[in-house]
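Just so you know, we're using numbering that gives the first Met the number 0 here: the sequence shown kicks off at 0 and counts up by one.
Glycine included, every Cβ here is placed at the ideal spot set by N, Cα and C.
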Amino acid sequence: MKKAPQTSTPQAPNDFERCVFEVVPRLKYDMQANLDELLSTYGRDRTSIGLYEDGDPLVERQVKALAQQMESERKENSAEYRRTAGKDVVYGQIVQLRHIKSKSYLSLTVKEAAELEKDSMRIILEKDGSEGSWFIIA
0 MKKAPQTSTP
10 QAPNDFERCV
20 FEVVPRLKYD
30 MQANLDELLS
40 TYGRDRTSIG
50 LYEDGDPLVE
60 RQVKALAQQM
70 ESERKENSAE
80 YRRTAGKDVV
90 YGQIVQLRHI
100 KSKSYLSLTV
110 KEAAELEKDS
120 MRIILEKDGS
130 EGSWFIIA
C-alpha cells in the first residue's frame, strides 16, 4: 500500500494575535475631517486644541465647536458599533477592519503608492480610521 504524499499545511505565525482583525460597521468621519482641515489651514493638529487661547478668538471658537461636534460623532459611532455588534455581515454592506492588537483601522491611502505594485494604493493601519477605511463586501 502506498502512502499519500506529505503536504505541508500553512502554519499560523507564533504571534497570531498580530494578525487578527475585527469587522466593525462603517463609522462616520465628517467632523474629524473638517476639524483636521481647519487645523491644517493654520499649521496645527489636534494636539494643539486649547493651547492657543491667545490666538484669533474666531478661529478658536471654530476649533472648539468642531472638536465638540467630533466628540458627538464619536459617540454616534460608538452607539452604532453597539447596535450592530454580533449581527451578520451581508453582501453590499460597507464595513471596516479594526486591528485587534493596535486598535487601528486598515485603510487605503491615495497619498502613497504601494511598495511592490506602484499602480496600486498603499494599505496602512490608521489610528482613528477615515473614509479610506471603508470596504464594501462584494
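Buried or exposed for residue i, going by 16 or more other Cβ atoms inside 10 Å?
{"i": "E72", "result": "buried"}
{"i": "S106", "result": "buried"}
{"i": "R45", "result": "exposed"}
Select from the options the residue whose C-alpha is nearest the C-alpha of residue i.
{"i": "Y104", "options": "P12, T40, D14, V22", "result": "V22"}
{"i": "G91", "options": "K110, A137, S39, N13", "result": "A137"}
{"i": "M30", "options": "F15, L65, L50", "result": "L65"}
{"i": "P24", "options": "Q61, M69, Q95", "result": "Q95"}
With DSSP as the reference, label residue i as helix, strand or coil.
{"i": "P12", "result": "coil"}
{"i": "K110", "result": "strand"}
{"i": "R121", "result": "strand"}
{"i": "V94", "result": "strand"}
{"i": "L115", "result": "coil"}
Measuring CB atoms only, is the region 26–43 touching the region 107–123, in the sense that at least three cross pairs come out at less than 8 Å?
Because the criterion of three Cβ pairs below 8 Å is not met, the region 26–43 and the region 107–123 do not touch.
Threshold first: 3 residues or longer. Then list the beta strand (DSSP E) segments lying entirely within the region 13–55, N to C.
Listed in chain order, they are 20–24.
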